[in-house]
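S.K.: In the numbering used here, the protein residues as written are 610 to 886.
For glycine and all other residues, C-beta sits at the position ideal for the given N, C-alpha and C.
Keep in mind it's a predicted model, so treat the numbers as computed, not measured.
1) Tell me where the beta strand (DSSP E) around residue 648 begins and ends.
2) Measure the C-alpha to C-alpha separation of residue 646 and residue 843 and round it to an integer number of angstroms.
3) Quick one: using the 10 Å Cβ neighbour count with 16 as the cut-off for buried, is residue 808 buried or exposed?
4) Using 8 Å as the Cβ pair cut-off and three pairs as the minimum, do the stretch 848-858 and the stretch 823-832 touch?
5) Keeping to the same chain, check which residues put their C-beta closer than 7 Å to that of residue 632; ignore five residues upstream and five downstream.
6) Give me the Cβ distance between residue 648 and residue 747, rounded to the nearest whole Å; I'm assuming they're in contact under 8 Å.
7) Quick check on this structure: which residue in 628, 866, 798 and 699 has the alpha carbon closest to the alpha carbon of residue 838?
8) Measure the C-alpha to C-alpha separation of residue 757 and residue 810 and round it to an integer number of angstroms.
9) Rounded C-beta distance between residue 729 and residue 707? I'm assuming under 8 Å.
10) If we count Cβ pairs, one from each stretch, closer than 8 Å, do we get three or more for the stretch 791-802 versus the stretch 652-667?
11) Could you compute how far the alpha carbon of residue 859 sits from the alpha carbon of residue 675?
12) List the DSSP bridge partners of residue 800.
13) Which term fits residue 612, buried or exposed, when burial requires 16 or more other beta carbons within 10 angstroms of its beta carbon?
14) Could you say which of 855, 873, 820 and 801 lies nearest to residue 832 if we only look at CA atoms?
15) Mind checking residue 710: buried by the 16 CB within 10 Å criterion, or exposed?
If you want it as structure tokens, here you go:
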């Protein structure tokens, strides 16, 4: 089995093609229930600082100076927070409603939002990070995601290393896997031009290797997700190299994104039509 750990680092992806119009995006979870969990600093906004910092970092990396300065310092944080609060206020029907806020940042430093409702998941995200998938029982088996392996490479680029509105590569992978609805409990596992696993289409991914959760290294071209950053900084996961040929049918993996700190899935290399968790 080809496996090694590595240090965190940025991909060498170049600046974006000027012919492609896009915005930087981040999707942040607002949920009053988050105020009582110890890992989120008593805030209803999940990993709020990480979302803001990722937008700033991406703007700086691709040379969007105006956008970077718009979100810099206390004024930038105040602007970002006020835009998010306004979006939630307009969306909610009751104060307890969880809301997903998708924030878009354009090259000129302008922020816009869209919102949508989502369901709270059954899994306790913290307990999943402490689970040994080889020995521990699967919590809430009906909540398992079916993880399918893509049939084509996804080339690493500025659009895989930064979260943007240009998502044709992810949409193509989902179509190849037959994932037509974001509500489906399915994900597609991507790999790059070197046959390194990178991520899934809307989540980062973690494999159980050598008694640890391992997520593909940043240099693979994966998106540096906010939940991924949280897991790495808190010692719940390490970076490493996972090759396509080392992915095992039936193995359990964790997936994460800005809405969910952790969910569990099972790899299905055979793309079973009548999949049952």
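M.R.: Quick answer:
1) Unbroken run through residue 648: none, as it is neither H nor E.
2) 15 Å
3) Buried.
4) Touching, yes.
5) These residues qualify, in order along the chain: 713, 714, 715, 773 and 774.
6) That belief does not hold up - the Cβ atoms of residue 648 and residue 747 are roughly 23 Å apart, past 8 Å.
7) Of all alpha-carbon atoms in 628, 866, 798 and 699, the one lying nearest the alpha-carbon of residue 838 is that of 866.
8) 11 Å
9) 6 Å
10) They do not touch, by the three-pair rule.
11) If you draw a straight line from the Cα of residue 859 to the Cα of residue 675, it comes to about 47 Å.
12) Listed as beta-bridge partners of residue 800 by DSSP are 806.
13) Here the model assigns residue 612 a pLDDT of 33, short of 50, so the residue's position is not dependable and the matter cannot be decided.
14) 801
15) buried
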